[in-house]
Amino acid sequence: MPAETGNNKKEVVIAIRQLKKSFNGRAVLNGVDIDICRGENLAVLGRSGTGKSVLIKIISGLLKPDSGTVKVFGKEVDKLNLPALQELRQKIGFSFQNSALYDSMSVRENLEFPLVRNRPKIKKKEVNDAVERVLTDVGLLKTIDQMPAELSGGQRKRIGIARTLILQPEIMLYDEPTAGLDPITSIEINNLINQVQHEYNTTSLIITHDLTCAKTTADTVTMLVEGKFLPTANFEKFFERQDESVRTFYDYNFINYK
Amino acid sequence: MERNTEQLKIVPAEKSIISKGVDDFFLGVYNVWKFIGRFFKEGFLPPFEIKEIVNQCYSVGFRSLPLISLTGFITGMVFTKQSRPSLASFGATSWLPSLISIAVIRALAPLVTALIVAGKVGSNMGAELGSMKVTEQIDAMEVSGTNPFKFLVSTRVMAITFMLPVLVIYSGLIGMMGSYLNVHSNEQTSFTAFFKTAFMPISFLDIISSVLKSTIFGFTIGITGCYQGYHAENGTQGVGKAANTAVVIAMILIFVEEMLIVQLVNVIR
Ligand SMILES: Nc1ncnc2c1ncn2[C@@H]1O[C@H](COP(=O)(O)OP(=O)(O)O)[C@@H](O)[C@H]1O
Ligand SMILES: [Mg+2]
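Right under this line is the structure:
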């Protein structure tokens, strides 16, 4: 279906149909279906090991699906040749669970890397300006000459997000943005995600098992259960559901806060 | 009850450890083969990562110099010292320089240098790429529009393939210096006399085969180190395993290759 330009229907930027993926004969994704519209922020909940990371790795072309289709901006990701895939990937920002900063490079070099690699002819000054702009956005200009090993977990997360922002992505994929962070830092990261959504007009897919994160950053929520998505809804509606998996997930999440 | 029947179903499907080991071995060989194929397919297509290759040459070559100097020097010196008594019993100590140069240039320098570099650089490649793999840095590179195989693997393999012959030549010269010092202090041979006799028996084929051999050793170390690192799994534990396996396999392969190449060169000679 071609993207609608009319006002009443929003453009679908990520369309997934009957996506299946198994590892060693064990089905991890077993028929995922979802449409994510431009500007939408979807949180995907789910227990560890249910295949959430596998899902976003398939969306960004790091893994290939066994069957089903994944279209990003109308292009089927696993059918693209490498140059086309690289071009598409520039529009997709990927925030990794462990930040994945390049250990051997300083913060500045980490941020420059995607820019100078994708635009070899870019001027030094433009690079510097871009680096300072994204660092200011994430509030860490002071760390510009530090090495990743010198940063705290929360700071690493921010730099990881800054590194994806430097290419001005239209889609952001966050893999457990608050995992392993203390509650206050988590809230700061949640705020940063919201800020990025506003400043960069991104569509985002936020994978998390942190309900505060889902609640503050997402418009719609779904959950990955046995390789499939439950129907999406907003946060309150979603947790009115009486399914066993949803209830358990909800209850256990708040044990931490009691 | 139900649980029992399920367990029974699984048992006959399990393979014996030996047949699984054999399967894994051939799967491993096939995967390494594919990895090498990818190196030749992608490494020589533009854009060339010249800057990164130079960086890697520096870190593989220059940073190994102190270690290579030390081991090369000691090898030459000790080998001279140990060979002297047997030659002295024929009154043939004047043959020492040529004996040593043949040994060092044909066998010792390539072999010792390759083993040292396998231990130092091969393990480093395994650990470095391994930790990049398990912390998703390689994935991050890929999604930000850089081909990580070209940027990380091709550059390292090329660098070590270029640099190992250079290190071997250097190590050979240092080894001969060690030998010279020992000969000079025992037989009072002059510098020019020593090197004149030392290089007399060395043929062009000796030099060429040593250089080619070192190129093959370098390629072996690079491919094994990068392959192990690039396929590391299971967190930090996997990084250690990658580094360790890289060294062990590279060393075994170096000995096997040495044996095959010696046979080949003897046929040509
Ligand atoms: N490259 C891989 N090879 C084999 N199994 C994998 C691979 N990636 C993920 N898996 C398996 O898929 C399942 C889902 O993993 P993942 O998506 O990381 O879970 P999570 O929902 O916690 O992010 C896990 O059981 C994991 O072992
Ligand atoms: Mg995960």
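Taken in order, these protein sequences are the chains called W and B. 1 is the number of the first residue of the first sequence in the numbering used here; add one for each residue after it. 1001 is the number of the first residue of the second sequence in the numbering used here; add one for each residue after it. Just so you know, even glycine gets a beta-carbon here, dropped at the ideal spot from N, CA and C.
Give the interface partners of residue 1139 (chain B) over in chain W, defined as CB-CB distance under 9 Å, in chain order. 57, 60, 62, 94, 96 and 100
Please return the same chain residues whose Cβ sits closer than 6 Å to the Cβ of residue 103 (chain W), not counting the five positions on each side in sequence. 148
Helix, strand or coil for residue 4 (chain W), going by three-state DSSP, please let me know. Reliability of the predicted coordinates at residue 4 (chain W) is poor, the pLDDT of 44 falling under 50, and the value obtained from them is presented with this limitation in mind. Correct three-state label for residue 4 (chain W): coil.
Looking only at C-alpha atoms, which of W:170, W:240 and W:184 sits nearest to residue 36 (chain W)? Residue W:170 is the option with its Cα nearest to residue 36 (chain W).
Taking any Cβ of chain B, which residues in the region 105-118 of chain W have a Cβ under 8 Å from it, in chain order? 113, 114, 117 and 118
What does DSSP give as the partner residues of residue 223 (chain W) in its beta bridges? W:45
Residue 53 (chain W) Cβ short of 7 Å to ligand 2 heavy atom set: Flag set: Cβ of residue 53 (chain W) near ligand 2.
By a C-beta neighbour count over all protein chains shown, 10 Å radius and 16 as the cutoff for buried, is residue 1208 (chain B) buried or exposed? exposed
Less than 7 Å separating the Cβ of residue 1206 (chain B) from some heavy atom of ligand 2? no
Assigned secondary structure, residue 1232 (chain B) (DSSP; H/G/I helix, E/B strand, else coil): coil
With a threshold of 16 other CB atoms inside 10 Å of the CB of residue 1264 (chain B), please say whether the residue is buried or exposed. exposed
In the DSSP assignment, what are the bridge partners of residue 172 (chain W)? W:93 and W:204
Could you tell me which of W:43, W:167 and W:144 sits nearest to residue 122 (chain W), measuring between CA atoms? W:167
Neighbour-count burial assignment, residue 190 (chain W), 16 or more Cβ in a 10 Å radius: buried
Go ahead and label residue 1259 (chain B) buried or exposed: buried means 16 or more other beta carbons lie within 10 angstroms of its beta carbon, across all protein chains shown. Only exposed fits residue 1259 (chain B), as fewer than 16 other CB atoms lie within 10 angstroms of its CB.
Note down, one range per segment and in chain order, each alpha helix (DSSP H) of at least 4 residues found wholly within the region 1118-1159 of chain B. Correct list: 1123-1134 and 1137-1143.
Any chance the region 112-128 of chain W sits against the region 1139-1147 of chain B, with 3 or more Cβ pairs inside 8 Å? yes
Of the residues that make up the region 1134-1160 of chain B, which ones have a beta carbon closer than 7 Å to any beta carbon in chain W? 1135, 1136, 1137, 1139, 1140, 1142, 1143, 1144, 1145 and 1146
Whole alpha helix (DSSP H) elements within the region 107-152 of chain W, 4-residue minimum: 107-118 and 124-137
Element boundaries [alpha helix (DSSP H), containing residue 35 (chain W)]: Going by DSSP, residue 35 (chain W) is part of no alpha helix (DSSP H) but of the beta strand (DSSP E) stretching over 26-37.
Taking C-beta to C-beta, are residue 1122 (chain B) and residue 1032 (chain B) nearer than 8 Å? Going by C-beta atoms, residue 1122 (chain B) is not nearer than 8 Å to residue 1032 (chain B).
Hey, is residue 90 (chain W)'s beta-carbon within less than 8 Å of any beta-carbon in chain B? yes
Beta-ladder partner(s) of residue 17 (chain W), from DSSP: According to DSSP, which records beta bridges pairwise, residue 17 (chain W) is partnered with W:69.
Does DSSP put residue 1005 (chain B) in a helix, in a strand, or in coil? Because residue 1005 (chain B) sits at a pLDDT of 37, beneath the cut-off of 50, its placement in the model cannot be relied upon, and the point is left open.
Three-state secondary structure (DSSP) at residue 22 (chain W)? strand
Proximity test, Cβ basis, 8 Å: residue 86 (chain W) and chain B: yes
Let me know the alpha helix (DSSP H) ranges lying completely inside the region 1048-1125 of chain B, each 4 residues or longer, listed in chain order. 1050-1061, 1065-1088, 1096-1102 and 1109-1117
Using 8 Å as the threshold, is the C-beta distance between residue 48 (chain W) and residue 175 (chain W) below it? no
Report all residues from its chain with a CB closer than 6 Å to the CB of residue 1229 (chain B); omit the five preceding and five following residues, and keep chain order. 1125, 1126, 1129, 1130 and 1242
How about residue 131 (chain W): is its C-beta nearer than 8 Å to some C-beta of chain B? Residue 131 (chain W) does not count as touching chain B.
Under DSSP, the alpha helix (DSSP H) around residue 61 (chain W) begins and ends at which residues? Note, residue 61 (chain W): premise wrong, no alpha helix (DSSP H); not H, not E.
Just grab the DSSP bridge partners of residue 1250 (chain B) for me. In DSSP, residue 1250 (chain B) forms no bridge with anything.
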